[in-house]
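Comments concern the structure below.
Residue numbers (my numbering), protein chains in the order written: chain G, 1 to 333; chain R, 334 to 871.
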């Protein structure tokens, strides 16, 4: 192993050790997973303890003479018939969720929503009226699939949060190391300056990627998630790249003069822009680091895109590490 | 806060803005904020004048063919039976309904659908502008007290005749005014394009930002530098803001003024335009002022106590025990709460739950050990065979006992919890990965980390409480056996024992009732307690 490579490995381990001793970093990494899991389990426990909201029995309000005609058919499709003196105002005045009355040869169906129960009522009414078309209620899709899709969205949100963490942690590490003299003390070592940047980028990437992976694992174990590896993979790469961007903006030329907030906000705008690109133009974002995370929701895309994202991420990490080294973490010109 | 002199407050505020945002830096901040806020506040969403062409699956009848797009996986299937067109769906979109009524019923439908949706009003964009403006406070808040500490200017500030209250309130004033100005400019931009209507948000937005800045100052009161100062507000402020809106909305459904008075959330709710009237605005401003005052007072008190260099706090082993135990319980037993809540068909994969539990508890231990800088003794090289054999024997003895020795039956509703916790004791049934993760993770946590802090008995009790709460007698005894192995032979022995336990459980049960089980666990303890022989180093 060459000296530079060994320096990167040792430096990465040192960064990881330092990060593990930062209470702030640990809290930041543990916070999203624990908060989401505690909120989910807490909500389920409250529902279990106090019971869900009582469901309103699906019904249709009818006048006395119409009950005789439509009552049995509505009952057959699982709708209760409610007798109402004036069905035409029953829904508007809040006496019923849906109501029906005759109008000429046909019917009027008044309802709060056009959901499944209204569709069922319409089916019966259209049959009675001998209409040329009628709705048929399609079978309910399996609940599990919808739940895993929702959980997948939660995974995407958590991954986006880790990407934003990456910016703050990268910028923070560069700023703090320069302020505390760590950069000044390490530069005289007989290794190329870029190795210091590389070890910081890799250390941050591993810490953020590990934290995200654990969070996704916890949420997947809790509620079952659609494509957990996609969120963990694209999220970890995105977090590493955003950490590198944060490191480069606060560890580049003249960064000290510009201040911490200026570097942080520039990195934040770049990363937010990439995420926006992924959401807005997913077929473009699927090929770019950070943006690929936002685009993953519209995917899955071709495996070639994943390979390109990995390569571009590696290039970005190398470029940011090189940039940091060239400007000696902000100490140089 | 002893004295708050207006001239000094303004002086501190001016210095704060000059220090953090003078000249081009200030303009850069403003430009970045506008770049993010203006699209949210001012861009108008495109609207469709003509409805989209409906997409259906199945065989569209001739009358519909040129009015719909047929796609194989569409959620609506169109067909024909006995001369009647059928539309199979879980809901019919207005565009499709319009086509059906026009093409099949010549515009006079046999059943006319009248919808009267409940009055669900969407929040105004001013809410999103306010939430984004709150998120943008991260950088400036990091520059306040932490920036002073990092720049070594806190000593100078504290030694001047300025009171602590004047320092804190002056900084609050500076950033509340700056953030309010930026958010209001974005809001007025929205008014120009017609995306935001004039309303109480003009008053509520600064009130919300005032509480957010006060909360941010309180959050960064202990941060020693910019990085520490940036991390807490970034994590906490958006969550508190969103939760605050939820709480205010929930309370507002019961009593409007009560909801509006919720600090931060009430002001955001008023800014969203969901709560009309003058009184809610007054309640929101009042609640925000009170909350800001309280937070600023707490920050001032804290500044006096902490002075220049705050003392770093460490959660210690109790914090690690709580964190590891919580992670384990959330992953392993958490899905059972969904069953209790009535969502029985949630597809929480058991293998992923157990892997997550094992990895989380193991990762907690690894981080705690790294923080201590002291790794547990794995095993002296010459004792490796002895550790493996002894571990195997203890593991086999433990696996031969049956579940339920002195077990707590618990109430009937707790059955799903009990089932999952018991499955965590036999993870090999679920998968090899789960078994290895559970065994390695829990040994790293209990024997690797906690044993040194809590001792043999304390760790055994903690093990029983976290991992085997339904089977406490066997839990404590097995914890003692594994702990004794760790004391005699290092971490490798309990690791081997636990792996043997999870892989052999259910295969070697001897039966015979509780007394036999007790004897077997006792045997495991005795085997573990045997002396290890001469030390490797002599």
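Each residue gets a CB set at the ideal place from its N, CA and C atoms; glycine is no exception.
Proximal residues to residue i (C-beta, below 6 Å), its chain only, five neighbours per side dropped
i	result
residue 650 (chain R)	786
residue 533 (chain R)	603 and 614
residue 295 (chain G)	278, 282, 285 and 286
residue 507 (chain R)	346, 349 and 350
residue 166 (chain G)	208, 239, 242 and 243
residue 461 (chain R)	373
residue 197 (chain G)	321, 324 and 325
residue 119 (chain G)	135 and 137
residue 235 (chain G)	159, 162, 212 and 293
residue 567 (chain R)	471
Neighbouring residues, chain G, relative to residue i (Cβ below 8 Å)
i	result
residue 476 (chain R)	259, 260 and 261
residue 473 (chain R)	261
residue 686 (chain R)	221 and 222
residue 368 (chain R)	269
residue 682 (chain R)	220, 221 and 224
residue 696 (chain R)	210 and 214
Sequence-distant residues of its chain with Cβ nearer than 7 Å to residue i (five each side left out)
i	result
residue 173 (chain G)	200, 204 and 247
residue 39 (chain G)	none
residue 820 (chain R)	789
residue 705 (chain R)	none
residue 338 (chain R)	499
residue 226 (chain G)	148, 149, 151 and 152
residue 643 (chain R)	Because residue 643 (chain R) carries a pLDDT of 49, less than 50, the predicted location of this residue cannot be relied on, and no value is offered for it.
Buried or exposed by the 16-neighbour rule on C-beta atoms within 10 Å, applied to residue i
i	result
residue 53 (chain G)	Legend: pLDDT at residue 53 (chain G) = 47, less than 50; position of this residue unreliable, no value from coordinates given.
residue 525 (chain R)	exposed
residue 633 (chain R)	buried
residue 645 (chain R)	Its pLDDT being 49, under 50, residue 645 (chain R) is placed unreliably by the model, and nothing is read from it.
residue 871 (chain R)	Any reading at residue 871 (chain R) is ruled out, since the residue's pLDDT is 34, under 50, leaving its predicted position unreliable.
residue 765 (chain R)	exposed
residue 311 (chain G)	exposed
residue 255 (chain G)	buried
residue 190 (chain G)	exposed
residue 840 (chain R)	exposed
residue 710 (chain R)	exposed
Partner residues on chain R for residue i, Cβ-Cβ distance less than 7 Å
i	result
residue 110 (chain G)	447 and 449
residue 135 (chain G)	420, 422 and 425
residue 24 (chain G)	561 and 564
residue 66 (chain G)	Within 7 Å Cβ-Cβ: nothing; residue 66 (chain G) doesn't reach chain R, min ~13 Å.
residue 20 (chain G)	700, 703 and 704
Reference residue i, options the options, closest by Cα
i	options	result
residue 105 (chain G)	G:220, G:34 and G:127	G:127
residue 728 (chain R)	R:471, R:857 and R:496	R:857
residue 537 (chain R)	R:636, R:514 and R:731	R:514
residue 84 (chain G)	G:175, G:187, G:42 and G:60	G:60
residue 828 (chain R)	R:387, R:726 and R:562	R:726
residue 393 (chain R)	R:445, R:410, R:582 and R:776	R:410
residue 370 (chain R)	R:464, R:709, R:434 and R:546	R:464
residue 836 (chain R)	R:783, R:826, R:804 and R:732	R:732
residue 215 (chain G)	G:161, G:276 and G:304	G:161
residue 175 (chain G)	G:253, G:218, G:193 and G:192	G:253
residue 289 (chain G)	G:10, G:302 and G:274	G:274
residue 43 (chain G)	R:811, R:721, R:670 and R:822	R:670
residue 467 (chain R)	R:441, R:544, R:503 and R:444	R:544
residue 94 (chain G)	R:636, R:449 and R:562	R:449
residue 476 (chain R)	R:447, R:444 and R:561	R:561
residue 832 (chain R)	R:744, R:721, R:863 and R:748	R:721
residue 23 (chain G)	G:307, G:169 and G:45	G:169
Chain-order list of residues whose beta-carbon lies under 8 Å from that of residue i (same chain, five-residue window excluded)
i	result
residue 530 (chain R)	457, 524 and 606
Cross-chain neighbours of residue i in chain R, by beta carbon under 8 Å
i	result
residue 92 (chain G)	449
residue 96 (chain G)	The premise fails here: residue 96 (chain G) is roughly 10 Å from chain R at the closest Cβ pair, so nothing lies under 8 Å.
Below-8 Å beta-carbon distance, residue i vs any chain B residue
i	result
residue 567 (chain R)	The displayed structure is made up of protein chains G and R, and chain B is not among them.
For this session: Check whether the segment 467 to 485 of chain R touches the segment 249 to 268 of chain G, taking contact to mean three or more Cβ pairs, one atom from each stretch, closer than 8 Å.
Result: yes
Exercise. Are the segment 10 to 17 of chain G and the segment 681 to 688 of chain R in contact at 8 Å, needing three or more beta carbon pairs?
Worked result: no
Exercise. How do the segment 616 to 624 of chain R and the segment 757 to 772 of chain R stand: do at least 3 beta-carbon pairs fall below 8 Å, yes or no?
Worked result: no
Exercise. Taking one C-beta from the segment 392 to 406 of chain R and one from the segment 289 to 309 of chain G each time, how about it: are there three or more such pairs within less than 8 Å?
Worked result: no
Problem set entry | Cβ contact (3+ pairs, closer than 8 Å) linking the segment 82 to 97 of chain G and the segment 417 to 424 of chain R | no
For this session: Kindly confirm or deny that the segment 691 to 698 of chain R and the segment 657 to 664 of chain R touch, where touching means at least three C-beta pairs closer than 8 Å.
Result: yes
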